[in-house]
Every structure is written in structure tokens, then in C-alpha cells.
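Just so you know, we're using the numbering used here here: the sequence shown kicks off at 1256 and counts up by one.
Cβ coordinates follow ideal geometry from the N, Cα and C atoms, glycine included.
The model shown is predicted, which means the values in this text are computed figures rather than measured ones.
Following: one structure in C-alpha cells, then a few remarks.
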Amino acid sequence: MARSKTESPPADNDPVGAFEAAMQELETIVQSLEHGELKLEESLRLFERGTQLAQQCRQALQSAELKVQELSAGNGDESA
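Put into C-alpha cells, the structure is as follows:
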């Protein structure tokens, strides 16, 4: 079954899937906005949703970066 453009990404139990779903939705929004055939109200609604998705993606990337740092520290940074 297809997901709607405004449906929230999957729950936090799959952070990779949630990130990928948010990125996919964000890409769709950007394409719609770049196409330039939307009414102003729809453009503003999509822009607002896009900013929410961008924030979710930033937070997911920051969490992933912290996890990598924790794992590296736990391994004594042997890769350096």
C-alpha cells in the first residue's frame, strides 16, 4: 500500500528506515516545489512539512554520529 506524502515516517524502533522514509518524502516535496505549479497555500504547506522533515533528518544524523563516536570510544579507537 502506498504512503501519503504527509504520513509520518516509521516509528523510532527502525531509525534507519525512519531516516530513509523522511529523506524520500523530503525529496518528493523538493521536486514538487521546484516544479513550480503549486498554489501558494500548497507550497507553504509543503515547505513547512519539508522543514519538519529536515529537522528530523538532522536529529537522526546527529544521533548516528554520537553512536559511532560511542562505539569508536568503546573499541579504544583502534582504527586511528
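Three-state class that DSSP yields for residue i in the structure shown
| i | result |
| --- | --- |
| K1322 | helix |
| L1293 | coil |
| V1271 | helix |
Counted within 10 angstroms of its Cβ, other Cβ atoms place residue i as buried (16 or more) or exposed
| i | result |
| --- | --- |
| L1308 | buried |
| E1280 | buried |
| A1315 | buried |
| A1328 | exposed |
Close-in-space but distant-in-sequence residues of the same chain around residue i (CB under 6 Å, 5 per side omitted)
| i | result |
| --- | --- |
| E1320 | none |
Beta-carbon separation (whole angstroms), residue i vs residue j, contact threshold 8 Å
| i | j | result |
| --- | --- | --- |
| G1305 | V1285 | 7 Å |
Same chain only: Cβ atoms within 7 Å of residue i, ignoring 5 sequence neighbours per side
| i | result |
| --- | --- |
| L1299 | none |
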